[in-house]
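In UniProt numbering, the protein residues as written are 1 to 199. First comes the structure, then the notes that go with it.
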Amino acid sequence: MKRRTQEVHVAGRTAHATVTSHPAVARRWVHTTRWRNGGRLRSSAGLIVGMGVQWTPPFRRLPDGAEPRPATLQLCCGRRCLVFQIGKAGAGSVPLILQRFLEDARVDFFGYNVLSDCRKLSAHYGLRVACPRELRLVTGMGNASMESMAEQLLGWRGVKKSQRVGVSNWDVSTLSKRQVRYAASDALVSYCLGAKCLK
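Shown next, in the form of structure tokens:
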């Protein structure tokens, strides 16, 4: 199966997640996102994207300075999310348009602990993110949880990130519905927090 879609519900909001390990599907998602937001990309407003990565916790301690390999890269713009199983696609299979999207200085990629995510993407896939925006800094909320940020800044109650799902096996061929919801909601909340902070 090249792709599947899943509705994701977070605090009464609905997003549509595209889940895939196929570069062509990821390429199409980025192309559509750029096309739909061409006006913002051409203006000084720029584009806001929520971002995150998931990985399977290693069985043994990694050497100092080593980063775990991301299994998924999740992006969200508006109510459209991509959960790209980058670990299944392979390092040489990341679409050029996705690489350029991440490197586009007109696009702000918001995420929780996003600088750590960027290091992982760079170490394992050679990807560079030009404008990562750390939510803990831009919100001024320090080490507050994403759930707390969503409640205090967006008024979203009941946002839950299951620790059990977070430490599950993200390298499986087919992600569970709970995993998709976890990854997509992470990117969606990051997007909405980023949009709130830049208002």
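Ideal placement from N, C-alpha and C gives every residue a C-beta, glycine not left out. As the structure is a computational prediction, the values presented were derived from the model and not from experiment.
For residue j and residue i, the rounded distance between their alpha carbons
i           : j    : result
residue 200 : K2   : A query on residue 200 cannot be resolved here, the shown segment of the chain reaching from 1 to 199 and no further.
D108        : K199 : 14 Å
G126        : G111 : 19 Å
G50         : A66  : 25 Å
T33         : A105 : 16 Å
A26         : T174 : 16 Å
V10         : P132 : 23 Å
V94         : R128 : 12 Å
S116        : G140 : 18 Å
G142        : V114 : 13 Å
P63         : G12  : 42 Å
C197        : L96  : 30 Å
N169        : Y191 : 25 Å
S145        : L135 : 10 Å
R28         : K161 : 29 Å
S176        : E7   : 13 Å
Own chain residues within Cβ distance below 6 Å of residue i, not counting five before or after
i    : result
A150 : W156, V159, V189
K88  : S21
F101 : V30
L73  : V53, F84, I86
Q152 : none
D171 : T56, A71, G87
Contact set for residue i: own chain, Cβ-Cβ below 7 Å, skip 5 residues either direction
i    : result
V165 : R178, Q179, Y182
Proximity test, Cβ basis, 7 Å: residue i and chain B
i    : result
V107 : Considering every chain present, this structure includes no chain B. It has just one protein chain.
Whole-angstrom C-beta distance between residue j and residue i, which should lie under 8 Å
i    : j    : result
L193 : L154 : 7 Å
W55  : R36  : Between R36 and W55 the Cβ distance is about 29 Å, and since that is not below 8 Å, they are no contact.
L47  : C76  : The Cβ separation is near 12 Å, so there is no contact.
P57  : V167 : 5 Å
Identity of the residues DSSP links to residue i by a beta bridge
i    : result
A77  : Ala is not the amino acid found at residue 77; the sequence shown has Cys there. According to DSSP, C77 bridges with R80.
M51  : L75
E7   : H16
G166 : In the DSSP output, where bridge partners are listed per residue, G166 has none listed.
R69  : Answer is none; R69 lacks a bridge partner.
D104 : For D104, which the question treats as bridged, DSSP gives no partner whatsoever.
P57  : Note: P57 sits in no beta bridge, so no partner.
Any non-hydrogen atom of the ligand FMN closer than 6 Å to residue i Cβ
i    : result
L154 : With respect to the ligand FMN, the structure offers nothing, as it holds no ligand at all.
8 Å CB neighbourhood of residue i in its chain, flanking five on each side removed
i    : result
A130 : L102, E103, D104, A105, V107
H124 : E67, R69, P70, A91
K120 : V53, W55, E67, P68, R69, P70
*Give a yes or no on contact between the segment 72-84 and the segment 186-198, applying the rule of three or more CB pairs nearer than 8 Å.*
With a cut-off of 8 Å, the segment 186-198 and the segment 72-84 count as touching, because enough Cβ pairs lie within range.
*Answer yes if the segment 17-27 comes into contact with the segment 42-50, meaning at least three C-beta pairs across the two stretches below 8 Å, and no otherwise.*
no
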